[in-house]
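A short write-up of the structure that comes next.
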Amino acid sequence: MHCSCPKCHADFELALEQVSESGGFHSCPECGAKVWAGREAFTLRVYPKQGPVYCATCGAVLEEATVCVRCGALWPDYIRVQKDKPAARKARGGGFAFEFGGSKPSYAPVIVTESAEKQPRDWRWLWWAACAILLIALVVSGVTLLKDLEFGGDYDRDFVVALYGLKSGVDQNVKVARDRADAWDKQSGTARAVAPPIPDHETARLAKSRAAIDLAMDKLKEAPDRYAAVKSRYDRLFQICQRAYRMNEQKPESPAALRSQAATIEKSFIDAALPLKQEMPSGLKKELQQSLGRYRNLAFLK
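Here's what the structure looks like:
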């Protein structure tokens with residue numbers, strides 16, 4: 013893989029098998045500096061990167077593309093090369109946590125003196141403490157409510173990533189089916205009676221994308237009620253996506269029948285997804301429009 017040193021910008025060769033998922037430092041042969049390289053799953057492409065990313069299959073520069081133009085890998089994992097080791101990214105939870113730091117307040121010592129006359133107790137501190145607790149509770153609940161109503165928390169991004177996964181899964185299966193039908197047409201003699209097998213690397217890629225889609229859909233189960241219509245729509249799209257995977261698991265009757273089935277599934281997905289334009293909350297619509305440059309296969313919802 014030819015990559016660029018993030019420090020001296022010289023191109024150098026880095027073997028793909030030397031780059032692991034946990035990542036590690038490698039020396040630039042030109043300037044001798046240590047640069048960090050690591051593999052990441054395609055679902056992490058939503059996060060900002062330092063410099064270009066490279067296809068983990070062939071090493072080509074991916075930029076914003078979802079398909080590698082060199083090896084044709086759809087929805088590929090990628091390799092990032094940068095100056096420093098990236099901070100670990102934790103999985104997002106379903107709520108918000110607030111921490112109030114700082115040191116414990118210090119209090120002046122209380123000196124008790126004997127008095128001939130008993131002084132009345134001052135309960136004003138208790139009233140001020142109750143007001144402070146109430147104010148903190150109102151601020152926390154208000155921020156949480158505003159985050160949920162206006163910005164949707166992390167759910168807007170999760171819904172966009174899941175939609176990208178569903179559309180990519182359908183696109184990937186349709187491409188595999190059409191390539192298989194084309195290869196079937198080229199067979200001659202007795203071989204034309206049987207459909208050619210799907211290549212092993214495509215089978216592995218289909219299994220990987222299917223698992224990623226299941227994970228993305230699972231993150232939507234606890235979405236707030238205002239996403240109910242969108243969630244119902246996603247469930248229908250998920251069923252169509254599963255039909256696409258089953259299409260490549262079954263024995264097709266003929267090349268023409270396989271192409272027809274692929275075209276039907278592709279059209280069914282588009283028709284079922286178009287009503288999302290009216291069903292999406294405003295925050296989700298905004299997140300989708302901002303993500304179209306990265307998820308280009310969702311441009312039909314523009």
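So the sequence shown is numbered by our numbering: it starts at 13 and just counts up by one. The beta carbon of each residue, even a glycine, is placed where N, CA and C say it ideally should be.
DSSP bridge partner residues for residue i (one or two, in chain order)
i, result
"C15", "F24"
"G50", "R92"
"C67", "Y90"
"H38", "V47"
"V73", "Y66"
Buried or exposed by the 16-neighbour rule on C-beta atoms within 10 Å, applied to residue i
i, result
"G36", "exposed"
"W87", "buried"
"G295", "buried"
"W196", "buried"
"G177", "buried"
"V81", "exposed"
"S200", "exposed"
"I252", "buried"
Under 8 Å between C-beta atoms of residue i and residue j
i, j, result
"A49", "V31", "yes"
"E52", "R92", "yes"
"A284", "L313", "no"
"K220", "L232", "no"
"I97", "P18", "Residue identity differs from the one stated: residue 97 is Lys in this sequence, not Ile. In this structure, P18 does not lie closer than 8 Å to K97 by Cβ."
"A174", "M259", "no"
"A224", "T55", "yes"
"A311", "L304", "yes"
"A72", "C83", "yes"
Cutoff 7 Å; reference residue i; Cβ partners in own chain excluding five residues on either side
i, result
"L26", "M13, C15, H38, A49"
"Q62", "P18, Q94, K95"
"K298", "none"
Contacts around residue i, its chain only, beta-carbon distance under 6 Å, and the 5 residues preceding and following it disregarded
i, result
"D23", "H14, S16"
"E33", "R51"
"A256", "V182, N185, I277"
"Y239", "none"
"L218", "none"
8 Å CB neighbourhood of residue i in its chain, flanking five on each side removed
i, result
"C43", "C17, K19, C20, A22"
"P208", "R192, A195, W196, Q199"
At 3 residues or longer, what runs of the beta strand (DSSP E) sit wholly inside the stretch 258–292?
none
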